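Take a look at the structure below.
Numbering (the working numbering), first residue to last: 1223 to 1446.
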């Protein structure tokens, strides 16, 4: 049995997070607290240790990933397909501003993974661009999950919306049930494990299981 561990780490806090402002694909920086959160997460995840680190190209995720890279000695790979959901007309607005402009729209967005803000993406759209990232890693990283070697996870450093969409798609949840995966805290992570035969590199045959959701440095034993 080959088991591929996949850790998906959300970036640390930004000013947009602190102010309840919709970021989407706007490129915001970590706050001082966000940088401290990244260090705390790196101290925990660095003990695994990761096989490789792949990050969104948005700075809040990339800077979080580099903190883990410095802890582990790994160079961070960058993949723009790991960017956060594009929120269209909502980007840069606070939750209150969105609710004033479009009452009930945020609730519809939370409850329906097919629904997208005007000019933006749905969670189904986000999954469609991010699942191939994992498929390519399965095909291109023979050490990942090798039963003859150490159990070293791949770490993706990304964003809450993307992590939820990617997890739901890998777990093959019915789309109507995708909203059951709730929000992720800053610098928190999810872990999935992909189970397959020893020599099986067929991505479609992997059975993904959810090991942990919304773990953090404060509850690190959930993932170690």
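Ideal placement from N, C-alpha and C gives every residue a C-beta, glycine not left out.
Computed from a prediction, not measured in an experiment: that's the story for all the values here.
- prompt: Going along the chain, which residues of its own chain have a beta-carbon closer than 6 angstroms to the beta-carbon of residue 1387, five neighbours each way excluded?
  reply: Residue numbering aside, residue 1387 sits at position 165 when the chain shown is read from its first letter. So the list reads 1345, 1348, 1349, once near-sequence residues are dropped.
task: Report buried or exposed for residue 1409, applying the criterion of at least 16 other Cβ atoms within 10 angstroms of its Cβ.
output: Against the chain shown, residue 1409 aligns to sequence position 187. Buried is the call here.
message: Assuming residue 1328 is part of the alpha helix (DSSP H), what are its boundary residues?
response: Within the chain shown, numbered from 1, the residue matching residue 1328 stands at position 106. Per DSSP, residue 1328 belongs to the alpha helix (DSSP H) from 1327-1333.
- prompt: So residue 1309 and residue 1339 are in contact, right, with Cβ under 8 angstroms, and what is the actual spacing, rounded?
  reply: In the chain shown, residue 1309 corresponds to position 87, counting from 1. In the chain shown, residue 1339 corresponds to position 117, counting from 1. About 5 angstroms separates the two Cβ atoms, so the contact holds.
- prompt: So, is residue 1446 buried or exposed, given that buried needs 16 or more other C-beta atoms within 10 angstroms?
  reply: As a first step, residue 1446 is located in the chain shown; it is residue number 224 there, counting from the start. Note that residue 1446 scores a pLDDT of 44, beneath 50, so its modelled location is shaky; the value from the coordinates is reported in the next line. Answer is exposed; the Cβ neighbour count stays below 16.
query: Cα separation between residue 1273 and residue 1254?
result: As a first step, residue 1273 is located in the chain shown; it is residue number 51 there, counting from the start. As a first step, residue 1254 is located in the chain shown; it is residue number 32 there, counting from the start. Computed Cα separation, rounded: 28 angstroms.
message: Helix, strand or coil, according to DSSP, for residue 1288 in the structure here?
response: For the purposes of this step, residue 1288 is identified with residue 66 of the chain shown, where counting begins at 1. DSSP places residue 1288 in helix when its eight states are reduced to three.
field: Residue from 1302, 1252, 1259, 1258 whose Cα sits closest to the Cα of residue 1276
entry: For the purposes of this step, residue 1276 is taken as the residue at position 54 of the chain shown. Out of 1302, 1252, 1259, 1258, 1302 has the C-alpha closest to the C-alpha of residue 1276.
- prompt: Does the distance from the C-beta atom of residue 1400 to that of residue 1437 stay below 8 angstroms?
  reply: What you label residue 1400 is simply residue 178 of the chain shown in a count that begins at 1. What you label residue 1437 is simply residue 215 of the chain shown in a count that begins at 1. Going by C-beta atoms, residue 1400 is not nearer than 8 angstroms to residue 1437.
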